[in-house]
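First comes the structure, then the notes that go with it.
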Amino acid sequence: MYGFLLGREFKISVAEIISAFPNATTIYQSKEILVLENISKEEILSKITRIGGTIKVTTIEETTKTIQEALEEKAPYEGKFRYGLNLFWERVSMKEILMKVKKHLRSKDISARFTNKDFKNLNAAQIIGENLVKRESDFNFIFTKEVTYFGQTIWIQDINSYGERDYSKDRDMQIGMLPPKLSQMMINLSEGSTIYDPFVGLWTILIESLYMGNTKVYGSDLNEKMVDTSLHNCKEVAKKLDMTADIQTEKLNAKFIHESQYFDKWVDAIVTEGYLGEIMTKKNIAVDRIEKQRESLEKIYSAFFENLSKINYSGNIVISFPFWEIRWKYFYFEEIYKILAKYCEVQSFFPDDYQISATKSGSLLYKRDSQLVWREIFKLKMK
Ligand SMILES: C[S@@+](CC[C@H](N)C(=O)[O-])C[C@H]1O[C@@H](n2cnc3c(N)ncnc32)[C@H](O)[C@@H]1O
């Protein structure tokens with residue numbers, strides 16, 4: 001068994017993992033961790049760098065040992081035992097447990113030092129900094145109502161590389177960029193390998209698709225500058241990755257998606273953030289402005305789906321639409337539900353009877369605290 005530590009929007013993370021490992025069985029799932037069986041370490045390690053919503057992966061076995069006994073067993077025969085300890089839902093304080101383990105190991109003549117800071121679970125930066133995956137000494141205890149699981153971390157997300165991609169300097173942050181991790185999750189959820197993004201914007205989906213090893217990436221945007229810079233930047237990334245890729249972008253209004261010269265039956269998935277409407281700030285966001293945005297977005301998306309329907313597009317579509325928040329009140333893009341009901345079949349993210357479910361409309365929500373516009377993500381097929 002293996003445990004996947006989930007990202008902040010845990011439902012999207014779970015949906016992504018179960019779509020990447022369709023043959024695995026879910027044993028346990030909570031907001032923080034997903035435990036799978038019928039899956040091998042090789043399979044995990046071969047796919048995991050393409051997965052955006054998992055923070056770390058740990059081996060998992062049921063245990064009846066105490067934490068100090070389990071760690072004693074893992075201590076090396078010689079040299080100092082530097083380890084990290086992570087507890088999930090233990091009510092006893094981390095400080096108390098770390099002290100108990102320290103005392104126990106000392107009584108067994110084991111020279112040991114925990115690397116936890118401030119008596120908290122380790123974050124990715126600390127695990128990487130202390131090289132604990134290679135040392136095989138980042139340990140995880142997961143306490144559920146029924147059993148206790150114990151395991152050691154076998155993979156940790158490369159946060160530095162995401163960081164670089166998120167704040168790449170030649171991007172205009174005014175437009176609002178899709179976080180690279182979310183782009184990866186959406187690409188994985190689409191199950192596609194030839195991706196088309198009809199609202200290329202800051203080219204995040206295309207770039208992430210290249211990073212994930214897809215050699216055919218296509219896109220369009222209404223804004224010519226976006227079209228040119230996205231092409232240039234994607235080519236640069238392909239060069240950096242030493243990859244031969246077919247990258248094409250063109251200026252096109254997404255309303256007329258059927259007229260794209262690159263969008264043909266070979267594109268197996270549309271993955272896009274879609275236009276979010278005007279960027280609003282805390283100072284100028286208002287209900288009437290949101291309503292106006294919804295009206296103009298409705299026009300774009302009704303034509304977009306109507307034209308996709310005309311050409312009988314049969315691939316998957318993973319798309320995010322905006323919704324807004326003004327002082328804890330949510331304003332959903334309700335017009336889109338009617339458009340989707342007319343042209344699309346909403347695909348489910350989870351099997352029937354799964355422990356968690358999507359929203360009533362079949363979507364998953366992605367919220368970033370600092371933003372006023374949030375995202376509602378759908379997986380669709382045309383009717
Ligand atoms: C929110 S951005 C997409 C950002 C992109 N996902 C990223 O992270 O880089 C939306 C983009 O949609 C484009 N756009 C707006 N209306 C459009 C339309 N009708 N057809 C095509 N593109 C449109 C804008 O020019 C903008 O670049």
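28 is the number that this note's numbering gives to position 28 of the sequence shown; each next residue is one higher, with no gaps.
Every residue gets a Cβ at the ideal spot worked out from N, C-alpha and C, and that includes glycine.
Since the model is a prediction, treat every value here as computed from it, not as a measurement.
| query | When burial is assigned at 16 or more other CB atoms within 10 Å of the CB, is E334 buried or exposed? | reply | Answer is exposed; the Cβ neighbour count stays below 16.
| field | Whole-number beta carbon distance between R82 and S46, since they are thought to touch under 8 Å | value | Contact doesn't hold; Cβ gap of about 29 Å is too wide.
| Can you name the start and end residues of the beta strand (DSSP E) that M382 belongs to? | Note, M382: beta strand (DSSP E), V373 to M382.
| For F323, three-class secondary structure by DSSP | Here F323 sits in strand by DSSP.
| task | Assign D228 to one of three DSSP states: helix, strand, or coil. | result | The answer is helix: DSSP assigns D228 an H, G or I state.
| message | Between which residues of its own chain and N312 is the CB-CB distance below 8 Å, once the five residues before and five after are set aside? | response | Here the set comprises M382.
| Count the other CB atoms within 10 Å of the CB of V287; is the residue buried (16 or more) or exposed (fewer)? | The residue is exposed, with fewer than 16 neighbouring Cβ atoms inside 10 Å.
| According to DSSP, is G355 helix, strand or coil? | With the sequence shown as reference, residue 355 is identified as Gln, and Gly is not the correct amino acid for it. If DSSP states are grouped into helix, strand and coil, Q355 belongs with coil.
| field | Close beta carbons around E61, own chain, < 8 Å, minus the five adjacent residues each side | value | Within the same chain, Cβ atoms closer than 8 Å to the Cβ of E61 are found at M1, Y149, F150 and G151, the five residues on either side in sequence being excluded.
| query | Taking just the CA atoms, how far does V14 sit from D369? | reply | Taking the Cα positions, D369 is about 21 Å away from V14.
| said: Quick check: what's the CA-CA separation for R8 versus I195? | reply: Taking the straight line joining both Cα atoms gives about 26 Å.
| field | Contact the stretch 307-327 vs the stretch 269-278: 3+ CB pairs below 8 Å | value | When Cβ pairs closer than 8 Å are counted between the two stretches, the stretch 307-327 is seen to touch the stretch 269-278, the count reaching three or more.
| said: So, at 8 Å on beta carbons, what are the nonlocal neighbours of S93 in its own chain, with the 5 sequence-adjacent residues on each side left out? | reply: In the same chain as S93, and ignoring 5 residues on each side of it, the C-beta atoms closer than 8 Å to its own belong to F119, in chain order.
| said: On the CB-based measure, 16 or more other CB atoms within 10 Å of its CB, does M99 come out buried or exposed? | reply: By the beta-carbon neighbour count (other beta carbons within 10 angstroms, threshold 16), M99 is exposed.
| Taking contact to mean at least 3 C-beta pairs separated by less than 8 Å, is the stretch 360-379 in contact with the stretch 294-309? | Too few Cβ pairs lie closer than 8 Å, so no.
| Can you tell which of N38, A124 and D158 has its C-alpha closest to the C-alpha of N23? | Comparing Cα positions, the closest option is N38.
| Three-way DSSP call (helix, strand, coil) for T144 in this model | Looking at T144 - three-state DSSP - the assignment turns out to be coil, as it is neither helix nor strand.
| How about A254: is its Cβ closer than 7 Å to a heavy atom in ligand 1? | A254: yes, Cβ under 7 Å from ligand 1.
| field | the stretch 122-142 touching the stretch 156-165, judged by at least three CB pairs closer than 8 Å | value | The way I'd put it, the stretch 122-142 does touch the stretch 156-165; three or more beta-carbon pairs between them come closer than 8 Å.
| said: In this structure, how does DSSP classify F114 when only helix, strand and coil are distinguished? | reply: Strand, per DSSP.
| field | Cutoff 7 Å; reference I156; Cβ partners in own chain excluding five residues on either side | value | Only K56, A124, I127, I128 and V133 meet the Cβ criterion.
| Cβ neighbours of I27 in the same chain (closer than 7 Å, five flanking residues each side left out) | Excluding its 5 nearest sequence neighbours in each direction, I27 has C-beta neighbours in its own chain below 7 Å: M1, V35, L36 and E37, listed in chain order.
| Proximity of I67 and I17 at Cβ, strictly below 8 Å | No, the pair does not count as a contact, with Cβ atoms beyond the cut-off.
| query | With which residues is I195 paired in a DSSP beta bridge? | reply | Under DSSP, I195 forms a beta bridge with V217 and A269.
| query | What are the boundary residues of the beta strand (DSSP E) that includes Q29? | reply | Residues T25 to Q29.
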